[in-house]
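One structure is given here, and the rest of the page talks about it.
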Amino acid sequence: MTVTIDLTEADLMTALRGFLLPIVNCPVVPAEDNQPLPSGTFVTMTSLSIEALASNKSRFADTGSATTSRLDYLCSSQWTVQLDFYGVPANSLAMRVAGLVGSDYAADWFAAGTLAMTPLYASQLRNTTRINSEQQYQPRWTFNFVAQFNPVITTAMDYADQLHIEVAEVAIKFPPED
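Residue 190 is where the sequence shown starts when you use the working numbering, and the numbers rise one by one after that.
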């Protein structure tokens, strides 16, 4: 059995993008995909860190078979993503999203999805205006989106379905005499 993980960065980015799209009504793209940035109003997502929140929790799954029994490790983790909002309405879009991150709206939206991720908070908004390739100032507002997720890493489990016990004669005196 190979070692697997049930949640990937791509899964997290897809879920976050799904949350953002109806709020911002503009393109939402990963920042590190080796593609030119869109023009006009858009949002980029940059995964910054994944930190452990606790020690891993072990869970045994004994299926009765050596080939399918497994050991799961639940890894409580915190994910930080930088969101960059570009264009004339960048401040308004960033305020909308940041204001909703810690709300019931966000909690309910993520709870209704298939991915177990819970938004925790948004950092303070920062004005990070940039000079674009045309040497023009481009409005940009940035903040960090922070969420908790609990990926499960699965490994094979040592397994025995039969034990053979035998008596072995041992020396009664230690160390044994020759």
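Quick reminder that beta carbons are idealized off the backbone N, C-alpha and C, glycines included.
Bear in mind that the values here come from a model prediction, so they are computed numbers and not experimental data.
With C-beta atoms as the reference, is residue i less than 8 Å away from residue j?
{"i": "M234", "j": "V213", "result": "no"}
{"i": "M306", "j": "F332", "result": "no"}
{"i": "R285", "j": "M190", "result": "no"}
{"i": "P308", "j": "V290", "result": "yes"}
{"i": "T274", "j": "F208", "result": "In the sequence as presented, Thr is not what sits at residue 274; that position holds Phe. No. Outside cutoff."}
{"i": "Y348", "j": "A283", "result": "no"}
{"i": "G288", "j": "F231", "result": "no"}
{"i": "L226", "j": "N245", "result": "no"}
What did DSSP end up calling residue i once you bin it into helix, strand or coil?
{"i": "Y183", "result": "What is shown of the chain runs 190 to 367, which leaves residue 183 out entirely."}
{"i": "L237", "result": "strand"}
{"i": "L203", "result": "Reading the sequence as shown, one finds Thr at residue 203 and not Leu. In the structure shown, T203 sits in a helix (DSSP, three-state: H, G or I)."}
{"i": "S281", "result": "helix"}
{"i": "F208", "result": "helix"}
{"i": "V270", "result": "strand"}
{"i": "F218", "result": "The identity of residue 218 in the sequence shown is Val, whereas the question assumes Phe. Residue state, collapsed to three classes: strand."}
{"i": "V341", "result": "strand"}
{"i": "V335", "result": "strand"}
{"i": "V232", "result": "strand"}
Compute the minimum distance between the beta carbon of residue i and the heavy atoms of the ligand HEM, and state whether it is under 7 Å.
{"i": "K362", "result": "Questions concerning the ligand HEM fall outside what the structure shown contains, since it holds no ligand whatsoever."}
Short of 7 Å in beta carbon distance, which residues of its chain neighbour residue i, apart from the five on each side in sequence? Order them along the chain.
{"i": "Q271", "result": "T235, L237, T331, N333"}
{"i": "E221", "result": "T235"}
{"i": "D195", "result": "P340, V341"}
{"i": "G229", "result": "G276"}
Please list, in chain order, all residues of the same chain as residue i whose beta carbon is under 6 Å from its beta carbon, the five residues on each side excluded.
{"i": "D280", "result": "Reading off the sequence shown, one finds Asn at residue 280, where the question assumed Asp. Counting only Cβ-Cβ distances below 6 Å, and skipping sequence neighbours, we find W330."}
{"i": "Q267", "result": "E240, L242, Q337"}
{"i": "T343", "result": "T193, R259, D261"}
{"i": "S312", "result": "F332, N333"}
Given a threshold of 16 other Cβ atoms within 10 Å of its Cβ, counted over all protein chains shown, does residue i qualify as buried or as exposed?
{"i": "L314", "result": "buried"}
{"i": "V192", "result": "exposed"}
{"i": "A295", "result": "buried"}
Take residue i and list the residues in its own chain whose beta-carbon comes closer than 8 Å to its own, dropping the five residues that flank it on each side.
{"i": "T318", "result": "Y326, Q327, P328, R329"}
{"i": "M346", "result": "F249, A250, D251, S258, R259, L260"}
{"i": "L352", "result": "none"}
- beta strand (DSSP E) runs contained entirely in the region 288–330, provided each spans 3 or more residues: Whole beta strand (DSSP E) segments, 3+ residues: 306–311.
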